[in-house]
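Numbering-wise (this note's numbering), the sequence shown opens with residue 661 and increments by one. These notes are about the structure you will find just below.
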Amino acid sequence: MTFGNLIGAIAFIVSLIILWEIKTVLLLLFAAIAFATVLNRMVRRLQRSGLKRGVAIALTIGLLFAIIGLFFVLIFPTVVAQFKELLELLPQTLAQLREWYRWLQNIIPDQFIKDIQNREFLAERIPNISLSWFGGFFNIFSNSLDFVLNLLLVLVLIIMLLANPTLYRQSFMLIFPAFYRRRVDEILQGCEKNIVGWAIGRIFNMVFIAIVSGIGLWVIGVPLALVNAIISALLSYIPNLGPILGSIPPIALAFIDSPVKGVIVIAFYLAIEQLEGLVLTPMIMENEISLPPAVTLTSMLIFSQFFGLLGLFLALPIVAVLQVWLKELLVKDVMNDWTLQGAYSPKVPDTLPGEPLIKDSEP
């Protein structure tokens, strides 16, 4: 290894260490870029209606704050009150589970009881485990200063990106060679399409689940229908596991009233998931990215393991962007043009003299 290669390897390792140390800042930056990309679509539509860009940005941000304020004024107090009732019903739910456990002990074979008797302590530890879990959940939001500062940071970055997206787009493209910048512009447009499609699909599915599950639980007579509907909608953001986790609280509350009601709620949530997967998802497929279930689940597990809760919520948009770069850059421009000698020549047009660096488009 030459001295230059050694210096390059050391610089690469140091760069990785620095990136790892600032991983939270990078995730917040990506969140700002993703939200700015989605909001910029609405800003463009307002611009096409004849408004100036500054006015369009102000209207878009104002509408976003209005929706958030409406939620906190009209819905949040009810959700908090019902969530307190849910916590009050938790001991009753745990007592009912212990009674079912004793009932199962009387009807299942003795040999099976001997096989699981070493796990009986779980029934006694459930209250402590649940309370510690809820305590850990609230501890996430207890440090309000960090949460508010991060939220303000993301908001400021979103406004900056919306104010002049072309500037940041051009600056990013300067990283690449001149002959490849027009191709990078096409890749960035694909990333924008994937992010916007992902956002539209997630919002549509969450609203659908909130409305349908809320009405259905109210008709069935399950307590705390509103808070359970919102919990189900929020957890539906997590593919595969989210709908299952969101159905657990209403099913448990239904079984407290009667086993028949619990079975009805199970059938109801199965019907919602089938309707969403077989009818709604194909309808919005052209606007929503399509990733294999194993890829989505694995990516969320990996990002949550390395980056925590923030990585869990940003896993899918990050994978959506990586999907475009891997497909366009690695597969189309490298692998498909790879020769037997190991050299490749990407078929992209050079930037002609006098032409703009990028086309007249915004992220």
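Note that the Cβ used here is the ideal one computed from N, Cα and C, for glycine as well. Every value quoted in this text rests on a predicted model; they were computed, and no experiment measured them.
Span separating the alpha-carbon of Leu-811 from that of Val-703:
21 Å
Same chain, Cβ closer than 8 Å to Asn-778, neighbours up to 5 away in sequence not counted
Residue confidence for Asn-778 is low, a pLDDT of 47 falling below 50, so the modelled location carries little weight and cannot support an answer.
Among Val-816, Ile-728 and Asn-865, which residue has its Cα nearest to the Cα of Leu-935?
Asn-865
Considering just the uninterrupted stretch of the alpha helix (DSSP H) at Ser-831, what are its terminal residues?
825-833
Just curious, the alpha helix (DSSP H) that Glu-846 is in, first and last residue?
841-880
What did DSSP end up calling Ser-907 once you bin it into helix, strand or coil?
helix
Glu-681 lies in the alpha helix (DSSP H); which residues open and close that run?
663-681
6 Å CB neighbourhood of Ala-914 in its chain, flanking five on each side removed:
Val-882, Lys-921, Gly-922 and Val-925
Of the choices Leu-989, Thr-956, Lys-992 and Trp-998, whose alpha-carbon is the least far from that of Ile-978?
Thr-956
Inside the region 672-732 only - alpha helix (DSSP H) runs reaching at least 4 residues:
683-708 and 713-730
With respect to the alpha helix (DSSP H) encompassing Val-923, which residues constitute its N-terminal and C-terminal limits?
919-935
With a 10 Å radius around its C-beta and 16 neighbouring C-beta atoms as the bar for buried, classify Phe-695 as buried or exposed.
buried
Can you give the beta carbon distance from Thr-684 to Leu-970, rounded, assuming they're within the 8 Å contact cut?
7 Å
On a Cα-Cα basis, can you pick out the residue from Leu-822, Glu-681 and Ile-727 that is closest to Lys-712?
Leu-822
Which listed residue (Asp-997, Phe-973 and Leu-688) has its alpha carbon closest to that of Leu-809
Leu-688
Evaluate Glu-784 with the Cβ neighbour count: other Cβ atoms within 10 Å of its Cβ, from every protein chain shown; 16 or more gives buried, anything less gives exposed.
In this prediction, Glu-784 scores a pLDDT of 48, lower than 50, which makes its location untrustworthy; the coordinate-derived value is nonetheless stated afterwards. Glu-784 comes out exposed.
What number of angstroms, rounded off, separates the C-alpha of Leu-699 from the C-alpha of Val-814?
13 Å
Going by the CB atoms, is the gap between Trp-858 and Thr-954 shorter than 7 Å?
In the sequence under discussion, the amino acid at residue 954 is Ala, which differs from the Thr named in the question. Contact: no.
Residue from Ile-727, Ile-890 and Arg-708 whose Cα sits closest to the Cα of Val-867
Ile-890
Where Gly-861 falls, given that 16 or more other Cβ within 10 Å makes a residue buried
buried
Check whether the Cβ atoms of Leu-724 and Ala-716 lie closer than 7 Å to each other.
no
By Cβ distance, which residues of its chain are closer than 6 Å to Ile-869, with the 5 residues on each side in sequence left out?
Ser-892, Ala-893 and Ser-896
Under 7 Å Cβ to Cβ from Ala-671, same chain only, skipping five residues before and after it: list those, please.
none
Would Leu-972 pass as a contact of Met-960 if the rule is Cβ separation under 7 Å?
yes
How about Arg-701 and Val-856: do their beta carbons lie closer than 7 Å?
yes
Quick test of your reading: Leu-886 and Pro-910, contact by CB under 8 Å. State the CB separation rounded to the nearest angstrom.
Actually they do not touch by this definition, with Cβ atoms about 11 Å apart.
To the nearest angstrom, how far is the alpha carbon of Val-872 from that of Ile-932?
8 Å
Pairwise C-alpha distance: Thr-826 and Arg-841:
14 Å
Could you check if Ile-682 is buried or exposed, using at least 16 other CB atoms within 10 Å of its CB as the buried criterion?
exposed
With distances taken from CA atoms, which of Met-995, Phe-967 and Asp-993 is nearest Trp-680?
Phe-967
Member of Leu-848, Ile-916, Phe-731 and Asn-888 whose CA lies at the smallest distance from the CA of Gln-983:
Leu-848
Hey, quick one: how far does the alpha helix (DSSP H) through Ala-885 stretch, first residue to last?
885-895
Measure how close the beta-carbons of Arg-843 and Asp-993 come, nearest whole angstrom, since I'm counting them as under 8 Å.
7 Å
Please report the straight-line C-alpha distance between Phe-731 and Pro-737, rounded to a whole angstrom.
9 Å
In three-state DSSP terms, what is Phe-836?
coil
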